[in-house]
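Undergrad: Start counting the sequence shown at 926; every next residue gets the next number (our numbering). Right, I'll just put the structure down here and ask away after.
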Amino acid sequence: MYHSKLDHFPDGFLWGAASAAYQVEGAFDTDGKGPSVWDDFAHHSGKTFKGTNGNVAVDHYHHYKQDIALMAEQGLKAYRFSVAWSRIIPDGEGEINQAGLDFYIRLVDELIAHNIEAILTLYHWDLPLALQEKYNGWESRQTIQAFIKYCRVLFEALGEKVKYWITFNEQNVFTAMGYRWEAHPPIVSDLKRMYAANHMINLANAEAIQLFHQMVHNGKIGPSFGYGPTYSLNSRPDNILAALNGHEINNRWWMDIYCKGSYPKFAYKQLKELGIAPEVTEADRALLKSAKPDFLGINYYHGGTMQENRIENISEQGQKAKEFSAIDPYLMQPKEEQSQAPEIPMFESVSNPYLETTAWGWEIDPVGFRVALREIYAEYDLPIFITENGLGAFDTVEEDGSIQDDDRIQYLNNHILEMRKALTDGVELIGYCAWSFTDLLSWLNGYKKRYGFVYVNRDDDSEKDLARIPKKSFYWYQDLINQNGLNVTEKI
Ligand code: BGP
């Protein structure tokens, strides 16, 4: 679809930025906070870059007023953050810790005082450690009940003040990383357990949505999913089919549950034959069918390209793709291990010959963003809130103290332009949160991989003085918000 003129973003479009508790807050044991699985994992596993952890992170817990003042200066209309469950209920299911709850009440009040809409994520991966130890975390239905109790506390405390709520952040990523690739807690490699835990989370998501609809009348709730379009390498019919398989396994496995309340048929049959499909009771089915999100949060970084999986005879393209050794959370089959994943002989992920990559090997694909938005809106017919999109890069402070992050400006401009085209196509959009506001901890890549509009003076080895320095992109986004996105008209 070509448009000679692009639509304007609607009045009230929520231009924002995002973060997650473990990645920014620090204060890991302050004011009665209990340990989360990430506190444990990052301290002991040897799996994070140089052993980096969120003990101090960028100390947003103590700098939140300064950070919000900067948000206001930039003109942000929305700020997406997550609540650390173990601040609210230190052991996950018992006593409520008022001091922890008070922190988020202060945070939200400060946002409101600056006319910034609070977007609250209930779960961004930091499960209270006690629930992991006592119940095996998301493998147990008891964790669902604990989650619902925690949600109730927050709906009561903040239901009047926060309009947009996110249930789970990137369920596809944290289940695959945690239960398949041993790269996140609980460091498991077992597909049957992964699909079983994922099913429990689906139930928790549905129950939380139901409770929200009973308790909060002026709010909206939905999950945030890490969506990537799946391309076929070329027009060879076998590869088209492979891309279809990839789409069903990587996207629809979650999106269908969220929006239609059932698993996609072909993938379910395949997993059942392999003995790894989740067990779904009649009561589960009824619950999943009854809970509908009000909107879809979408995190977009990149998609994937697929061809027929020649497990025994990996192609030259497939070999080339192995050059990226890091696990890619957005591909259910990390490139270097896919030939060892015989349980799903449905597709092989290959690099896309048309796309460049970031310093961490993530493909840069702004048009894929438009494709994603189109696919999602056409299939699920719900308003979309972009809850993450951004560029991880090495930023350096120049001699004059400035940070010239032109690559980030280019990345954001080109993605926002494609979003504007999707809007012009007819996709209904609520807002856009760039990842991230300040620099923060990248789960596995330490503090070097920076995403923020605001530089934070710390590195992997030292917390330094944690000074905040707005980057060039800070002022670029300020201008964009001022003009409600109208300056985004061309690819740069
Ligand atoms: C998403 C997560 C974020 C953030 C982002 C960047 O998957 O929801 O929390 O971390 O990716 O990822 P990374 O830090 O690995 O570069």
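Glycine included, C-beta positions come from ideal geometry on N, C-alpha and C.
(1) In chain order, what residues of the same chain lie with their CB nearer than 8 angstroms to the CB of G1410, ignoring the 5 residues before and after it?
(2) Only counting the same chain, and skipping five residues up and downstream in sequence, which positions put a Cβ closer than 8 angstroms to that of Q1408?
(3) Take G970 and list the residues in its own chain whose beta-carbon comes closer than 6 angstroms to its own, dropping the five residues that flank it on each side.
(4) What's the call for K1396, buried or exposed, on a 16-neighbour Cβ count within 10 Å?
(5) If I'm right that I1091 touches T1046 with Cβ under 8 angstroms, what's the distance once you round it to whole angstroms?
(6) How far does the beta strand (DSSP E) with S1157 in it extend, from its first residue to its last?
(7) Quick check: the segment 1205-1216 against the segment 1177-1196, are at least 3 beta-carbon pairs closer than 8 angstroms?
(8) Unbroken beta strand (DSSP E) runs of length 3 or more, entirely within the segment 981-1058: which are they?
(9) So which of L1369, I1334, D1384, T1312 has the shortest CA-CA distance to F1093?
(10) Please determine whether the Cβ atom of G1147 lies at a distance below 7 angstroms from any heavy atom of the ligand BGP.
(11) Of all Cβ atoms in chain D, is any one closer than 8 angstroms to the Cβ of G1293?
(12) Applying the criterion that 16 or more other CB atoms from any shown protein chain within 10 Å of the CB defines a buried residue, is G1293 buried or exposed?
(13) Skipping 5 residues on each side, what residues in its chain have a beta carbon closer than 6 angstroms to that of Y1302?
(14) Taking the runs of the alpha helix (DSSP H) that are 4 residues or longer, which of them lie wholly in the segment 1061-1148?
(15) Using only the alpha-carbon positions, how far apart do Y1145 and Q1135 sit?
(16) F1220 and L1307 look like a contact to me (Cβ under 8 angstroms); what is the Cβ gap, rounded to whole Å?
(17) Just to confirm my understanding: we take E1204, look at its own chain, exclude 5 residues before and 5 after, and list those with CB closer than 8 angstroms. What are they?
(18) Using 8 angstroms as the cut-off, can you tell me whether the segment 960-975 makes contact with the segment 1376-1384, which would need three or more C-beta pairs spanning the two stretches below that distance?
(19) Looking only at its own chain, which residues have a Cβ that is under 7 angstroms from the Cβ of Y1075, when we skip the five neighbours before and after it?
(20) Mapping DSSP to helix, strand and coil, what is N1382?
(21) Rank Q1096, K958, Y947, E1058 by C-alpha distance to the C-alpha of G1151 and give the top, closest one.
(22) Is the beta carbon of P1278 closer than 8 angstroms to that of N1339?
(23) Please find out if some non-hydrogen atom of the ligand BGP comes closer than 7 angstroms to the beta-carbon of W1178.
(24) Can you check DSSP and say which residues form a bridge with Y1357?
(25) Sorry if obvious, but does the Cβ on E1353 come closer than 7 angstroms to a heavy atom of the ligand BGP?
(26) So for Q1408, helix, strand or coil by DSSP?
(27) Compare the Cα-Cα distances from H1227 to each of D1163, E1304, R1295 and report the closest residue.
(28) Report whether the distance from the Cβ of V1296 to the nearest heavy atom of the ligand BGP is below 7 angstroms.
(29) Restricting to Cα atoms, I'd like to know which of L1391, W1285, Q1195, I1126 is closest to H1049.
(30) Find the nearest neighbour of L1128 within the set S1114, P1111, P1148, judged by alpha-carbon distance.
(31) Taking 7 angstroms as the limit between beta carbons, can you name the residues of its chain near A1202, skipping five residues before and five after?
(32) To the nearest angstrom, report how far apart T1321 and I1328 are at their CA atoms.
(33) Which class does N1234 belong to by DSSP, given the choice of helix, strand or coil?
(34) What does A1318 pair with, by DSSP beta-bridge criteria?
(35) Beta carbon of V962, beta carbon of L1052: below 8 angstroms?
(36) Check each candidate in H1172, P1154, E1233 and name the one with the smallest Cα separation from D1163.
TA: With the structure as the only source:
(1) The residues are H933, F934, F938, W940, I1341, R1345.
(2) Contacts found: none.
(3) Here residue 970 turns out to be Ser, not Gly, going by the sequence shown. Excluding sequence neighbours, S970 sits near nothing in its chain.
(4) If you draw a 10 Å sphere on the C-beta of K1396, you find 16 or more other C-beta atoms in it, and that means buried.
(5) About 4 angstroms separates the two Cβ atoms, so the contact holds.
(6) 1155-1157 is the span of the beta strand (DSSP E), which, as asked, contains S1157.
(7) Taking one beta carbon from each stretch, the segment 1177-1196 and the segment 1205-1216 have 3 or more pairs nearer than 8 angstroms; the two touch.
(8) For the segment 981-1058, whole beta strand (DSSP E) runs of length 3 or above, ordered along the chain, are 1003-1007, 1042-1048.
(9) Comparing Cα positions, the closest option is T1312.
(10) Taking 7 angstroms as the cut-off, one finds no heavy atom of the ligand BGP near enough to the beta carbon of G1147.
(11) No chain D appears in this structure, which consists of one protein chain only.
(12) By the 10 Å Cβ count, G1293 comes out buried.
(13) Taken in chain order, the residues that qualify are V1352.
(14) Listed in chain order, the complete alpha helix (DSSP H) runs (minimum 4 residues) inside the segment 1061-1148 are 1066-1083, 1096-1104, 1116-1140.
(15) The question names Tyr, but residue 1145 is Lys in the sequence shown. Taking the straight line joining both Cα atoms gives about 11 angstroms.
(16) Rounded, the Cβ-Cβ distance is 6 angstroms, consistent with contact.
(17) Non-local C-beta neighbours of E1204 in its own chain, meaning closer than 8 angstroms and more than five positions away in sequence, comprise A1121, H1124, ordered along the chain.
(18) No contact exists between the segment 960-975 and the segment 1376-1384.
(19) For Y1075, same chain residues with a beta-carbon under 7 angstroms away, outside a window of 5 residues either side, are W1010, I1013, I1014 in chain order.
(20) Here N1382 sits in coil by DSSP.
(21) G1151 has its Cα closest to that of Q1096, out of Q1096, K958, Y947, E1058.
(22) In this structure, P1278 does not lie closer than 8 angstroms to N1339 by Cβ.
(23) No - the ligand BGP has no heavy atom lying nearer than 7 angstroms to the Cβ of W1178.
(24) W940, I1311, per the DSSP bridge assignment.
(25) Checking the 7 angstroms criterion, the Cβ of E1353 is out of range of every heavy atom belonging to the ligand BGP.
(26) The answer is coil: DSSP assigns Q1408 none of H, G, I, E or B.
(27) Closest by alpha carbon: R1295.
(28) No, since every heavy atom of the ligand BGP falls outside the 7 angstroms radius drawn around the Cβ of V1296.
(29) If you compare the alpha carbons of L1391, W1285, Q1195, I1126 with that of H1049, the shortest gap goes to I1126.
(30) When each option's Cα is compared against that of L1128, the closest is P1148.
(31) Result list for A1202: Y1120, Y1193, L1196, in chain order.
(32) Our two residues, T1321 and I1328, have alpha carbons roughly 6 angstroms apart in a direct line.
(33) Coil, per DSSP.
(34) A1318 is bridged to R1375.
(35) Contact flag set, yes.
(36) Residue E1233 is the option with its Cα nearest to D1163.
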